[in-house]
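>
Protein chains in written order, with the numbering used here: chain A, 1 to 315; chain B, 316 to 834.
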């Protein structure tokens, strides 16, 4: 079972390792001063608004404890929304509300959330319960994404988002993470979620990997993973590519979701995207990065970059 | 690529500097790369402190006198140094041959005074048996009176009967009788031992009564890394032209070479004029290092150190030198962590936590350390899991975990005492704050990523700690880091190189292996 490969084989396939990611991809392309733009989701949201990049709308923010007291009055007309910490990580502290029951709120499961619970949650968020190192934080209230049913049955729980890796604004690789029973409904690949590679040209499934092994069907829903296809794919990668112009981060991961009415929306950006995407695509990113580096002397806008990527990075 | 060249240049300079200095010390100054095959040089440091009895506005002249060790003749002194600001130093020899060292300050300031006197020496003749010729027993016998006389007589008669003409055996027997307070007569005398100048003097007196030449000596045990030691009073018994050294506490013969004999009798070893009462204090530190025999004698001849030695760790007071022995090992631990994380790809909980845990293992021994660590962290995780429900803020949460950790420490200590295994007491050496953070991090990891990750990270941390432990406890590496601290620069260069290594980690050869299968 315990098989090792050789560095030369990995190199031949252009696979990028952790050290290369840290020393080259991140250290040389992502100046540290740019990090707050993506690490603080509130700043990301503002930038998106200024740049005209579609993202879930911000309803309001809770910055102080006095804001917490005004919360009930503020939310009286809202039916569905999400409260999340601006500096949270790993999906911690996200409260999803999908409906109302008089004064009370309802979670997707139907569980009742009282206004006091909401206040408590916001209060914990701003005092740093969910942020890294317990730093003071801001609770963001944003509108709930009305998920399109295009991805129904591909995930055990929740709705998958599309991760697109951009290298100097060129979409280089894409994948989606599908939760499984094994991963406890979480979209975390090393816990057993399915990683499904997406073709940059077509937006269709390339192959799917769980625990490092190729699979063809979702282990829990039984859905044929080969039928996965992202509708409005061009809009997806165009939107992602614009994020480079907005942030200036050379090595960037964009998480995009599909809203039934508004189309693709930027959910989150990541300045330190991981390497599992290579497994889901069955190939390394290095050759594509090299090709992009050769293009750096050529000025291209986001549409031209997308065009270039769709032409060269299909499989 | 400019930064890459800069990096190479820095690495090259560091390697040349560090390696060059080490080679110079090896070839020219005679330092040894191996810890054992050389002459053992002892550095013995005496430290005298006292509070001057200073009256405002008046000049105070203080005089410090110290007797020099008596068997110092067996040693060849490489270096003699005293660190005493504003003191005049002189050394006299009495008619009876005892050396007295004297420090005088005619205008002593009011603050605490500290005088260091250090001798670096090695034993010239290890097998020397003719240490002292037999002097006539000039010491006054203890005169016992009344009931004591009777008791002494019983003891002495018993000894004489059993150990006729066997002075060493007799001394050993008496010492153990005194230790276990064997008979009523011994208990009677022991109750009054302070009148006779202490138990050991009493023992020696009884031996004298039995016709044995015995005396007490004040000796310093030569130990590596010893700090703040006092002299121990020991017993010497004369037999066939030689004084045999006995430890009265264990009633065992001791090798005189392991001790520095300072003084015969109970007299005070040092004397301070001008100190407040009961404020003067004398402590010793000893330490050893290994130097090529020829170079040591060279040093003894010149007594002048080369620049590299003068400005090295060796110029620090010995107590500080001993601290540095451990400090210098920490970079090695950091290096192991760097290798395991960036070249092998082992994930640990907390970057340098394994080093601190390994340092604890150095104190507790590996097996006990591991067992205690696992117990403390496991119990901590169970207690911490309850805190999760309370949704506490970060700092109060960690503080609560810290309280848990202390409670666990106390419980383990008390339980281990009650159950009679003392290893459990060593739990208190563990760094509490680090353990608390480890528990906190692992608990968060458990909630977010599940138990598998906790075991991977916890196992990785312990594995790293064990490797670090073996590296830090290796005597050869210890010797190298201590004798050649300049090699730290070479280590630094290696760490910098690894820091810029962008190749694959060993773990990635496994992780990405499935991708290379289809061919």
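Built from N, CA and C at the ideal position, the CB exists for glycine as well.
Taking 8 Å as the threshold (C-beta atoms), are residue 420(B) and residue 401(B) in contact?
yes
> In whole angstroms, what is the alpha-carbon distance linking residue 16(A) and residue 278(A)?
8 Å
> At a Cβ cut of 7 Å, what residues of the stretch 737-767 of chain B count as close to chain A, listed as they run along the chain?
763, 764 and 765
> In the DSSP assignment, the beta strand (DSSP E) including residue 120(A) goes from what residue to what residue?
Here residue 120(A) belongs to no beta strand (DSSP E); instead the alpha helix (DSSP H) covers 115-126.
> So, for residue 567(B): in the same chain, excluding its five sequence neighbours on each side, which residues have a beta-carbon less than 8 Å away from its beta-carbon?
487 and 561
> Give me the Cβ distance between residue 658(B) and residue 813(B), rounded to the nearest whole Å; I'm assuming they're in contact under 8 Å.
That pair is a contact at about 7 Å.
> Which residue wins for smallest C-alpha separation from residue 52(A), given the options 239(A), 77(A), 286(A) and 65(A)?
239(A)
> What three-state label does DSSP hand residue 555(B) in the structure shown?
coil
> Report the rounded CA-to-CA distance for residue 754(B) versus residue 775(B), giving the unit in angstroms.
15 Å
> Helix, strand or coil, according to DSSP, for residue 735(B) in the structure here?
If DSSP states are grouped into helix, strand and coil, residue 735(B) belongs with coil.
> For residue 458(B), tell me which candidate among 782(B), 524(B), 469(B) and 505(B) has the shortest Cα-Cα distance.
Considering only alpha carbons, the answer is 524(B).
> At a cut-off of 7 Å, would you count residue 595(B) as near the ligand MG, judging by its Cβ distance to the nearest heavy atom?
Among the ligands in the structure shown, none appear at all, so the ligand MG cannot be discussed.
> Using a Cβ-Cβ cut-off of 8 Å, state whether residue 320(B) counts as contacting chain A.
no
> Mind checking if residue 662(B) is an interface residue toward chain A, Cβ cutoff 8 Å exclusive?
no
> When DSSP builds the beta bridges, which residues end up paired with residue 418(B)?
DSSP lists 379(B) and 404(B) as the beta-bridge partner residues of residue 418(B).
> Please work out which residues of its chain come closer than 6 Å, Cβ to Cβ, to residue 395(B), disregarding the five sequence neighbours upstream and downstream, and give them in chain order.
434
> 8 Å is my cut-off, CB to CB: does residue 32(A) come that close to chain B?
no
> Can you check whether the C-beta of residue 831(B) is within less than 8 Å of a C-beta belonging to chain A?
yes
> Can you have a look at residue 328(B) and say buried or exposed, based on whether 16 or more other CB atoms are within 10 angstroms of its CB?
exposed
> Pull up the DSSP beta-bridge partners for residue 705(B), would you.
Residue 705(B) is not bridged to any residue.
> Do residue 483(B) and residue 530(B) have their C-beta atoms within less than 8 Å of each other?
no
> Which runs of the alpha helix (DSSP H) spanning at least 4 residues fall entirely within the stretch 60-119 of chain A, listed in chain order?
65-74
> Compare the C-beta of residue 542(B) with all C-beta atoms of chain D and state if any pair is closer than 8 Å.
Structure shown: chain D not included; protein chains present are A and B.
> Can you tell me which of the three DSSP states residue 525(B) falls into?
coil
> Going by the beta-carbon positions, is the gap between residue 213(A) and residue 179(A) smaller than 8 Å?
no
> Once the 5 residues before and after residue 381(B) are set aside, which same chain residues still bring their CB inside 6 Å of it?
416 and 585
> For residue 444(B) and residue 495(B), I'd like the C-alpha separation in whole angstroms.
Interpretation of residue 444(B) is limited by its pLDDT of 43, a score under 50 that renders its predicted location unreliable; the figure taken from the coordinates is listed afterwards. Roughly 32 Å separates the two Cα atoms.
> Taking 8 Å as the CB-CB limit, is residue 326(B) close to chain A?
no
> Tell me the residue span of the alpha helix (DSSP H) that contains residue 814(B).
802-814
> I'd like to know if residue 703(B) contacts chain A, where contact means its C-beta is closer than 8 Å to some C-beta of that chain.
no
> Tell me whether the beta-carbon of residue 360(B) lies closer than 8 Å to the beta-carbon of residue 599(B).
yes
> Can you tell me the Cα-Cα spacing of residue 684(B) and residue 742(B), whole angstroms?
8 Å
> Grab me the residues of residue 9(A)'s own chain with a C-beta within less than 7 Å of its C-beta, minus the 5 sequence neighbours each way, in chain order.
none
> State the Cα-Cα distance for the pair residue 14(A) and residue 668(B), rounded to the nearest angstrom.
34 Å
> In this structure, does DSSP put residue 313(A) in helix, strand or coil?
coil
> Report the CB separation of residue 86(A) from residue 42(A) in whole angstroms; it is logged as a contact under 8 Å.
4 Å
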